[in-house]
Amino acid sequence: GFPENAAYAASKYGLRGLHETLEAEFRGSGVRLTLVSPGAVDTTIWDPFDPDHREGFPPRSAMLRPADVAEAILFVATRPPQVHVAWLRLGPA
1094 GFPENAAYAA SKYGLRGLHE TLEAEFRGSG VRLTLVSPGA VDTTIWDPFD PDHREGFPPR
1154 SAMLRPADVA EAILFVATRP PQVHVAWLRL GPA
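Taking this note's numbering, the leading residue of the sequence shown gets 1094, the next gets one more, and so forth.
Spelled out as structure tokens, the structure:
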């Protein structure tokens, strides 16, 4: 997490708990759930401030692109039925 972003961090961890609960509820049903956890993605959420000069934030040039996340999700969605990707954590190289 980053300083002054406690609510955002709490929401992310809340999604992990929801994912684990839903996985338990759907286990054995044939439904596969994947928690996708991308790192910083260069979107308009960053427009109000300059992350290139704010301590703790990566520069926008180092962030993931939305297409990177979309490609990773497509990879998960096209796995054969016997493959389950439970958690996909993405970050910049």
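Virtual Cβ for every residue (Gly too), placed ideally from N, Cα, C. Please read these numbers as outputs of a predicted model, since none were measured by experiment.
Please state if the CB of residue j and the CB of residue i are separated by a distance shorter than 8 Å.
i: R1182; j: S1130; result: yes
i: L1157; j: V1134; result: yes
Roughly how many whole angstroms lie between the Cα atoms of residue i and residue j?
i: D1140; j: V1178; result: 32 Å
i: F1119; j: G1110; result: 14 Å
i: S1104; j: P1174; result: 30 Å
i: Y1106; j: E1113; result: 11 Å
From the DSSP output, which residues share a beta bridge with residue i?
i: V1129; result: L1181
i: L1157; result: V1134
Is residue i near the ligand GTP, in the sense that its beta carbon is under 7 Å from a heavy atom of that ligand?
i: P1173; result: The model on display carries no ligand, and the ligand GTP is accordingly not part of it.
Under the three-state reduction of DSSP, which class applies to residue i: helix, strand or coil?
i: V1176; result: coil
i: V1169; result: helix
i: V1162; result: helix
i: F1119; result: helix
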